[in-house]
Amino acid sequence: MKGFRFFAFRADPATGTAIEAAAAAAKTSLSSWIRNAIRAALPEGASLPALPPSPLRRRAAVPEADVAALARLMAAVNRLNGAMIQLSKGLREAGHVPEHQSMESAIRDVRDIKAEGVRLFKCLQAPEVSRG
Numbered sequence: 006m007k008g009f010r011f012f013a014f015r016a017d018p019a020t021g022t023a024i025e026a027a028a029a030a031a032k033t034s035l036s037s038w039i040r041n042a043i044r045a046a047l048p049e050g051a052s053l054p055a056l057p058p059s060p061l062r063r064r065a066a067v068p069e070a071d072v073a074a075l076a077r078l079m080a081a082v083n084r085l086n087g088a089m090i091q092l093s094k095g096l097r098e099a100g101h102v103p104e105h106q107s108m109e110s111a112i113r114d115v116r117d118i119k120a121e122g123v124r125l126f127k128c129l130q131a132p133e134v135s136r137g
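Count the sequence shown with our numbering and you get residues 6 to 137, in order.
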């Protein structure tokens, strides 16, 4: 948020629990509750301008079938990439230079596939994606 300053602080477990309970009771976020409590404690708190509401946060996306399927596919690609790296290492250590170079080229191709998979995964999780 432009023009605002951010502060961080530590709280012991009891204080943290008390703050969480107070924020829940007030049906507000922790940040909002803490801001309001600090403003109320300031001598000039009553004369400070009102704060804008905190921006809404996006709810955590529950993995849907398509996202879960892509995650399984990417896990398989990662296992394949690891096996290819081990094979490439073995070829290099055994002195099979041309085969090692071919395998390194294939590993680069798999890394490109992994990058595309990550991009697709992020697109599937984006809130504006229509799944209809």
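For every residue, glycine included, the Cβ atom is placed at its ideal position computed from N, Cα and C.
Check whether residue i and residue j have beta carbons under 8 Å apart
i: Val82; j: Lys119; result: yes
i: Ala28; j: Ser34; result: yes
i: Gly122; j: Leu78; result: yes
i: Phe126; j: Leu47; result: no
Element boundaries [alpha helix (DSSP H), containing residue i]
i: His101; result: Where His101 is concerned, there is no enclosing alpha helix (DSSP H), given that its DSSP letter is neither H nor E.
i: Gly21; result: Pro18 to Ala30
i: Ser37; result: Leu35 to Ala46
Residue i: CB within 7 Å of a non-hydrogen atom of the ligand ADP
i: Ile90; result: Of the ligands one can find in the structure shown there are none, so the ligand ADP has no counterpart to examine.
Contact between the stretch 84–94 and the stretch 44–57 is defined here as three or more beta-carbon pairs at a separation below 8 Å; is this criterion met? The stretch 84–94 vs the stretch 44–57: no contact.
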